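Trainee:
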Amino acid sequence: MSPFIIAIDGPAAAGKGTLARRLAAHFGLPYLDTGLLYRAVARRVLDAGADPADPIAAEAAARALRPADLDRPDLRGPPADAAASAVAAIPGVRAALLAFQRAFGRASGAVLDGRDIGTVVFPDAEKKLYVTASPEARGLRRWKEFLSRGVAADLAAVTEEVRARDAADAARSAAPMKPADDAKLLDTTELDPDQAFAAALALLAL
Ligand code: DC
């Protein structure tokens, strides 16, 4: 029997992570935030003083990735966001991270969130959600997240950064961000986390 996979994709700050974590706890499944993998690769490239858009440096960082890299405290915030999006556009980086994501899910099923889980990583996942929200709502959420972590940020600049990153993630040729044909769409613009969780359970018929 194939492992039970719930694939959650969508743009930045749409509420994927909160929802995926909650679905995983509800079903007793492991959870993988695949964005962290790209963030950790980006961090390694930045630490080496290299350009995140440099395929040679980024692929080397992806191959050198270790589990402890995912526990670093500096994986979130504006410089890491843009650098993660840059390394994520490089096919060799994506290829290097694919086996880890598939092995994680195949071990005992999982909830994974990202941009290409339902299209590339687990195209045969039983359940797929594409989670979105308006750019304004997502900019506001990301801005509040920065404030809660003590990171000073300008709302307009954060909203623009989110918009630019989504545009880049959707336009790249390697595994672009897009809904799988069989994904259910969930717009969280007007929903709080409890409402989004209830809507997800209903959409997935779980
Ligand atoms: O989900 P996140 O914001 O932490 O992801 C950071 C970046 O990583 C995002 O801009 C695009 C990239 N990413 C990706 O290309 N594929 C994934 N499955 C997850 C993230």
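Take any residue in the sequence shown, count from 1 to its spot, add 741: that is its number in the working numbering. Here a beta-carbon is modelled for each residue, glycine too, at the ideal position from N, C-alpha and C. Small disclaimer: the values here were computed from a predicted structure and weren't measured.
Let me know if L888 comes out buried or exposed under the rule of 16 or more other beta-carbons within 10 Å of its beta-carbon.
Mentor: By the neighbour-count rule (16 or more Cβ atoms within 10 Å), L888 is not buried but exposed.
Trainee: Thinking C-beta only, is L838 closer than 9 Å to L926?
Mentor: Contact flag unset, no.
Trainee: Can you tell me whether P793 is buried or exposed, with buried defined as 16 or more other CB within 10 angstroms of its CB?
Mentor: Label assigned to P793: buried.
Trainee: Rounded to a whole number of angstroms, what is the C-alpha to C-alpha distance between S849 and T930?
Mentor: So the two alpha carbons sit approximately 32 Å from each other.
Trainee: Who does D857 pair with in a DSSP beta bridge?
Mentor: In the DSSP output, where bridge partners are listed per residue, D857 has none listed.
Trainee: By Cβ distance, which residues of its chain are closer than 7 Å to L944, with the 5 residues on each side in sequence left out?
Mentor: For L944, where only same-chain residues beyond five positions count, the Cβ hits under 7 Å are L870, K925, L927.
Trainee: For a test of your reading of the model: does the CB of K919 fall under 8 Å from any non-hydrogen atom of the ligand DC? Yes or no.
Mentor: False, no ligand heavy atom lies under 8 Å from that Cβ.
Trainee: Is V786 near the ligand DC, going by C-beta to nearest heavy atom under 8 Å?
Mentor: No, the Cβ of V786 stays beyond 8 Å of every heavy atom of the ligand DC.
Trainee: Tell me the residue span of the alpha helix (DSSP H) that contains D935.
Mentor: 934-945 is the span of the alpha helix (DSSP H), which, as asked, contains D935.
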